[in-house]
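The listed protein sequences correspond, in order, to chains G and R. The first sequence runs contiguously to residue 148 in my numbering. The second sequence runs contiguously to residue 850 in my numbering. The structure appears right after this line, and notes come after that.
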Amino acid sequence: MRFTLNGSPVSLDVLGSRRLLDVLREELGLTGTKEGCGEGECGACSVLINGEVVDSCLVAVGQVEDCDVLTVEGLADGKQLTALQQAFINHGAAQCGICTPGMLLAAHVLLQRTNRPSADDVRVGLAGNLCRCTGYTKIIEAVLSCTT
Amino acid sequence: MLSRSPIGQSVPRREGVAKVTGAAKYTDDLVFVGAWYGKTVRSTIPAGRLRSISLDPAFDWSQVVVVTAADIPGENVVHLIRDDQPVLARVGGDIRHKEEPILLLAAPDRPTLEAAARHVRPEYEPSTPVYELDGALEVYSTIQITKGDVDAVQGEVIERTFKVGLQEQLYIEPQGAIAIPEPGGAIRIIGSLQCPYYVHRALKRALKLTDAQAIVVQAETGGGFGGKEEYPSMVAIHAALLARKAGRPVRLIYDRHEDLAATTKRHPGVITHRTTVGKDGTLRAQDIEIVLDGGGYCTLTPVVLSRAAIHAAGPYSCPNVRIRAKAVATNTPPNGAFRGFGAPQSLFAAELMVEHVAERLGISSVDLRSKWMLRLGDTTATGQVLTESVGSELVLDAALKAAATVQPSNRPTVRRGRGLSLVFHGSGFTGSGEKKLQGTIGFEALADGTFRILTASTEIGQGTKTIFCQLAADALGVSLDQVVLAPQDTSLVPDSGPTVASRTAMIVGRLVQEAAVEIKQRLGRGEKAPLAIQKSYIQPDSLSWDETNYRGDAYPIYAWACTIADVDVDLVTGEVRVTDLVTAVDCGKALHPVMAEGQIEGGTLQAVGWATIEEIKMKDGGYQNDRLATYLIPTALDAPRIRTILVENPYSRGPFGAKGIGELPMDGPAPAIIAAIHDATGVWLDEIPATPEKVLAACALR
Numbered sequence: 001m002r003f004t005l006n007g008s009p010v011s012l013d014v015l016g017s018r019r020l021l022d023v024l025r026e027e028l029g030l031t032g033t034k035e036g037c038g039e040g041e042c043g044a045c046s047v048l049i050n051g052e053v054v055d056s057c058l059v060a061v062g063q064v065e066d067c068d069v070l071t072v073e074g075l076a077d078g079k080q081l082t083a084l085q086q087a088f089i090n091h092g093a094a095q096c097g098i099c100t101p102g103m104l105l106a107a108h109v110l111l112q113r114t115n116r117p118s119a120d121d122v123r124v125g126l127a128g129n130l131c132r133c134t135g136y137t138k139i140i141e142a143v144l145s146c147t148t
Numbered sequence: 149m150l151s152r153s154p155i156g157q158s159v160p161r162r163e164g165v166a167k168v169t170g171a172a173k174y175t176d177d178l179v180f181v182g183a184w185y186g187k188t189v190r191s192t193i194p195a196g197r198l199r200s201i202s203l204d205p206a207f208d209w210s211q212v213v214v215v216t217a218a219d220i221p222g223e224n225v226v227h228l229i230r231d232d233q234p235v236l237a238r239v240g241g242d243i244r245h246k247e248e249p250i251l252l253l254a255a256p257d258r259p260t261l262e263a264a265a266r267h268v269r270p271e272y273e274p275s276t277p278v279y280e281l282d283g284a285l286e287v288y289s290t291i292q293i294t295k296g297d298v299d300a301v302q303g304e305v306i307e308r309t310f311k312v313g314l315q316e317q318l319y320i321e322p323q324g325a326i327a328i329p330e331p332g333g334a335i336r337i338i339g340s341l342q343c344p345y346y347v348h349r350a351l352k353r354a355l356k357l358t359d360a361q362a363i364v365v366q367a368e369t370g371g372g373f374g375g376k377e378e379y380p381s382m383v384a385i386h387a388a389l390l391a392r393k394a395g396r397p398v399r400l401i402y403d404r405h406e407d408l409a410a411t412t413k414r415h416p417g418v419i420t421h422r423t424t425v426g427k428d429g430t431l432r433a434q435d436i437e438i439v440l441d442g443g444g445y446c447t448l449t450p451v452v453l454s455r456a457a458i459h460a461a462g463p464y465s466c467p468n469v470r471i472r473a474k475a476v477a478t479n480t481p482p483n484g485a486f487r488g489f490g491a492p493q494s495l496f497a498a499e500l501m502v503e504h505v506a507e508r509l510g511i512s513s514v515d516l517r518s519k520w521m522l523r524l525g526d527t528t529a530t531g532q533v534l535t536e537s538v539g540s541e542l543v544l545d546a547a548l549k550a551a552a553t554v555q556p557s558n559r560p561t562v563r564r565g566r567g568l569s570l571v572f573h574g575s576g577f578t579g580s581g582e583k584k585l586q587g588t589i590g591f592e593a594l595a596d597g598t599f600r601i602l603t604a605s606t607e608i609g610q611g612t613k614t615i616f617c618q619l620a621a622d623a624l625g626v627s628l629d630q631v632v633l634a635p636q637d638t639s640l641v642p643d644s645g646p647t648v649a650s651r652t653a654m655i656v657g658r659l660v661q662e663a664a665v666e667i668k669q670r671l672g673r674g675e676k677a678p679l680a681i682q683k684s685y686i687q688p689d690s691l692s693w694d695e696t697n698y699r700g701d702a703y704p705i706y707a708w709a710c711t712i713a714d715v716d717v718d719l720v721t722g723e724v725r726v727t728d729l730v731t732a733v734d735c736g737k738a739l740h741p742v743m744a745e746g747q748i749e750g751g752t753l754q755a756v757g758w759a760t761i762e763e764i765k766m767k768d769g770g771y772q773n774d775r776l777a778t779y780l781i782p783t784a785l786d787a788p789r790i791r792t793i794l795v796e797n798p799y800s801r802g803p804f805g806a807k808g809i810g811e812l813p814m815d816g817p818a819p820a821i822i823a824a825i826h827d828a829t830g831v832w833l834d835e836i837p838a839t840p841e842k843v844l845a846a847c848a849l850r
């Protein structure tokens, strides 16, 4: 099967029923996508499929044939962090860091779609991604700092 | 050389770039060629005897490694306080709780592993389980704290009983360890853990290893909150037994369901206060009883009980105090360490008691707190005289000043209310704990001009790595990038003590600072790098503690917090929503303000969850809602707007005056929220979480 991963084409010979999460982590070595619950509740495994935030633990890899998949590894351009990644560091939005990849992807989509999100917009946009360290305050501050 | 000190600056997190790019390697991210997958088979009964375990002969076991209690080379205990918890229940031995490990499996792939697990046939002789605290199986520990004579006091007596529930730490990265057999009979553990040396000691006992043969390395760890204090020893021993028998690396990574079903929770408990006051509101006596449920094995329960008891009187000055605390055994999965470690339970009761007394006397609870609260020179329940850095007034004033006026809700069925709490939390180990432990760090000046910190203190999100480098760079007068940290690997670093008890920045951080100062002096005197020294904690002579009678200096110092919570209560649905929360925290000194705030905000939200939505329902000795779909924690939408005010009130022996604040934010929100619910609705809840069912039931009785 073929799909586009972080801007590059990939071609794989894997069972279509395997979880996208496992294929990313085990076949493609992209371990930035994390498993927190395996049932679509925590969002640690969030990736973007054709620009939509999806829990990769709930997606069979066969479903992403010909799709555009973006993981946390595809956010930065080489060593150049995105403004959002830098904001996460500056505002202390990443503590233990396990929710951070999924949180970044959800926030990335939110910022693409909403011109000037309010704090409440950010809360709605990140509601599918659990964080147990920050109380969300610093994450919301980081996302809001990226709006102009 | 850097002219500007990094102390008090919110410098970038050391491992920040790795965490935002996905490069940070957590346990399950690590690849070991040829590694097998491990699994724990667990008891399905809460109490009884394991009669036998057989393996279904119809299944092909040739590709599976099976470990039972008979395969344990050392002692069959997960070493901690009492050594009562087996690594694996033995055939003929007791089962004390559901999900108790009985057998281990490893296989080259997950489908084989899962199939094998379905072909293990345990047989049990069930006995009648005990769940009630009254008729408990045994008493793990008791504590009595006595000050003055409560029985001799006259006045108005107000009595109330409070109940607190179980809570899951819910670190987002589940428990996990990888065990790798190494030459010379050594086993290397790489895992998600808070306390490398706890695992090290437990591993040595169970596998009969020498110090050098047991190697424990912390991987990047996705949250702990106490949940990765003691339980990783169990996971590591299991992985090690499998790896040893398989002769290859074994990955033992829990899924969320197993993690929720089997690992430790916050101790539930019942706390009764009998408070005697004068007509003018003078606090004359506090008579307090605490019962905590330890579950099936002792784990850290006696120490949790200790912290609960010492904080039970609240941050108040009272001439006559009696605190009788006990922790008992029931046939439920063992409870253990969770941020706050007993203090949130007892402070919940203490703070609500202030509200009840104020209501009875018809005075404001804020005024009553001002009247009662411990101030400089006052004496705590254990007889400790507070000689410095008492932040009670500072945090109360700061929080009151910061909280805006409450506006009524514009939704017709919603009532809005506000509540306040005042708490203190001892930083560092209790009593002589730090003295006994003698936490040690290493510090090196390397030949290339850089410096290296060697410590077993772990980074679990709270910022250990960053703070230690800040302290060292400041003391040396060098830039942050000239300081590096050795990996948290027991074969490389000394035992700095566990990463718990709000002690890392204050106790171990101080050692880092002292070591850096000494290295700088020695280099200044002409000594040449490489230079290596060690520093161990030395208890100041001014601290004294009587462990038998629970008298004296229970903690080196206390951090303080005042929390004001605003809630909306929907009278139709019973739903409680915490909308705004202000918390003023006396942290001594904020070494890294953004991290200090972040730690406080995260702890605050955990407490909001405990107070409102985090409920575990028991069924037949197990947790009914043992999945993340049914055990709910606050999302970004549920979280209140949290405002943190850092109050700096230096402590003479903390680095730059810093005090430990890791656990403190867990203490204050719950009582503030229950007081706010009363303010909104007129009803008092005595039990958390304040679920819609409880709120509606209480409102209906009114």
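We put the beta carbon where it would ideally sit given N, CA and C, even for glycine.
Cross-strand partners of residue i (DSSP beta bridge)
i	result
R:G590	R:L602, R:Q682
R:T423	R:I306, R:Q434
R:K295	R:V469
G:V3	It is worth fixing the name first, because residue 3 of chain G is Phe in this sequence and not Val. G:V10.
R:T290	R:K474
R:T188	R:L252
R:S569	R:T711
R:D441	R:V476
R:G339	R:A325, R:Q366
Simplified DSSP state of residue i, which is helix, strand or coil
i	result
G:Q63	helix
R:P334	The question names Pro, yet the displayed sequence has Ala at residue 334 of chain R. R:A334 falls in the strand class under three-state DSSP.
R:E582	helix
R:I306	strand
R:R658	helix
R:M149	The predicted position of R:M149 is uncertain, since its pLDDT is 46 and thus under 50; no value can be drawn from it.
R:I764	coil
R:D622	helix
R:A172	coil
R:Q317	coil
R:Y272	strand
Chain-ordered neighbours of residue i on chain G, where CB pairs are closer than 8 angstroms
i	result
R:T369	C96
Contacts of residue i in chain G (Cβ-Cβ under 9 angstroms)
i	result
R:S569	Result: empty, since nearest Cβ-Cβ is about 17 angstroms, beyond 9 angstroms.
R:I790	G135, Y136, T137
R:K167	F88, I89, A94, Q95, C96, G97, I98, T100, P101
R:D208	Near R:D208 there are no residues of chain G at all, since even the closest Cβ is about 22 angstroms away, more than 9 angstroms.
R:R775	C37, E39, E41
Under 7 angstroms from the C-beta of residue i: neighbouring residues of chain G
i	result
R:P743	The sequence given here places Met at residue 743 of chain R; Pro does not occur at that position. Residues of chain G passing the Cβ test: G92.
Contacts of residue i in chain R (Cβ-Cβ under 7 angstroms)
i	result
G:C146	Correct list: empty, because the minimum Cβ distance to chain R is about 13 angstroms.
G:L28	Ordered by position in chain R, no residue passes the 7 angstroms Cβ test against G:L28, which lies about 12 angstroms from the chain.
Exposure label - residue i; buried when at least 16 CB within 10 Å
i	result
R:E841	exposed
R:G587	buried
R:I825	buried
R:Q292	exposed
R:G395	exposed
R:A845	exposed
R:S381	buried
R:T309	exposed
R:E874	With chain R covering 149 to 850 only, the question about residue 874 of chain R has no answer from this structure.
R:P635	exposed
8 angstroms Cβ cut-off: residues of chain R touching residue i
i	result
G:G7	Ordered by position in chain R, no residue passes the 8 angstroms Cβ test against G:G7, which lies about 15 angstroms from the chain.
### Task
Could you list the residues in the stretch 97 to 121 of chain G with a C-beta less than 8 angstroms from some C-beta on chain R, going in chain order?
Hits within the stretch, in order: G97, I98, C99, T100, P101, L104, A119.
### Task
Using a Cβ-Cβ cut-off of less than 8 angstroms, give me the residues of the stretch 234 to 263 of chain R that come near chain G, in sequence order.
none
### Near-chain G residues of the stretch 583 to 610 of chain R - C-beta to any C-beta below 8 angstroms
I608, G609, Q610
### Query
When you check each C-beta in the stretch 158 to 189 of chain R against every C-beta of chain G, which residues fall closer than 9 angstroms?
Listed by position, the residues of the stretch 158 to 189 of chain R near chain G (Cβ gap below 9 angstroms) are S158, P160, R161, E163, G164, V165, A166, K167, V168, T169, G170, A171, A172, K173, Y174, D176, D177, L178, V179.
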